[in-house]
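Colleague: Quick note: the sequence shown uses numbering that gives the first Met the number 0, first residue 0, plus one each step.
The beta-carbon is built from N, C-alpha and C at its ideal position, and this holds for glycine as well.
Sending over a structure as C-alpha cells; questions will come in a sec.
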Amino acid sequence: MIPNTSIVFEASSTIQTNTGEWGIRIYRDVMHHHEQIALVKGNVLDTTPVLVRVHSECATGDVFGSLHCDCGEQLHSAMKKIDTVGSGVLLYMKQEGRGIGLANKIKAYELQRTKGLDTVEANEALGFVGDARTYDIVADMLRDIGLTDIILLTNNPKKTEGIESFGIHVVEQVSLEIPANGVDDEYLKTKKEKMGHIFLHI
C-alpha cells in the first residue's frame with residue numbers, strides 16, 4: 000500500500016491505441032478492492048499544470064456505444080485532446096452509474112423507460128443520491144503519478160470541487176461538451192438543470 004493513501008499500486012506497462020502510446024498503471028483501492036486505471040501520455044512531470052480527464056466507467060456507453068449518454072464520446076474525445084497536447088492523464092474509475100454500479104444503473108434505465116423518470120429521479124427512486132461518487136481515490140492516484148496542479152476536462156463543477164476537496168489544485172476547468180444525439184437530449188438537459196453541468200449548446 001502507498002503510505003497514507005487509499006490505494007495500492009499493482010502493475011504498469013504501455014499500450015498502443017488509436018491515439019498513440021500510453022503508459023498504463025493499475026491501482027487497487029483498499030476499501031472496495033476495485034481495480035482503477037490510469038493512462039499516462041508523455042512525460043507529465045515536465046509539464047505543469049497537466050491536462051487530466053477523470054472518467055467514470057460506463058460499460059453501456061464506453062463499450063457498447065449506447066446513445067443514452069455522452070460517456071463513450073467523452074472518453075474518446077478526451078484521449079484525442081490529450082494526445083493533441085502531447086501529455087496528460089486519463090483516470091478510468093470504477094464509478095459506474097455515478098457510483099451506484101452497473102446493475103443499479105440498468106434498474107434506473109428501466110425506471111426512466113417505463114416510468115418517465117429522469118436520470119436523477121431514477122437514482123433517487125432506487126434509494127441513492129443523484130451522484131454518489133467520491134474523489135479521494137482520484138486524488139491519491141494523481142499524487143502517486145506526481146501531479147498536484149491540473150487542468151480538468153469536465154463539464155461538471157461538482158467534480159472539480161470534489162477533487163479539490165482532497166488537495167488537488169484544479170487550475171482550470173475545460174469543457175468536454177458532446178452534442179446531443181436525439182436520444183440523450185433529456186439526459187443532458189437534466190445534467191445541466193439538476194446537476195449543474197456546464198453546457199453551451201444544450
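If you draw a straight line from the alpha carbon of residue 131 to that of residue 98, how long is it in whole angstroms?
Modeller: Going by the C-alpha atoms only, they are around 5 Å apart.
Colleague: Does the region 170–184 touch the region 71–80, meaning 3 or more C-beta pairs lie closer than 8 Å?
Modeller: Contact holds: three or more Cβ-Cβ distances are below 8 Å.
Colleague: Taking Cβ positions, are residue 35 and residue 93 nearer each other than 8 Å?
Modeller: Cβ distance < 8 Å, so residue 35 and residue 93 count as in contact.
Colleague: Taking just the CA atoms, how far does residue 114 sit from residue 11?
Modeller: Whole-angstrom Cα-Cα distance: 45 Å.
Colleague: Under 8 Å, do residue 95 and residue 124 count as touching if we go by C-beta distance?
Modeller: The answer is no: Cβ separation not under 8 Å.
Colleague: Applying the criterion that 16 or more other CB atoms from any shown protein chain within 10 Å of the CB defines a buried residue, is residue 195 buried or exposed?
Modeller: Answer is exposed; the Cβ neighbour count stays below 16.
Colleague: Quick one: Cα of residue 83 to Cα of residue 42, how far?
Modeller: Roughly 14 Å between the two C-alpha positions.
Colleague: Nearest by alpha-carbon distance to residue 29: which of 47, 76, 65 and 9 is it?
Modeller: Taking only the C-alpha atoms, the option nearest residue 29 is 9.
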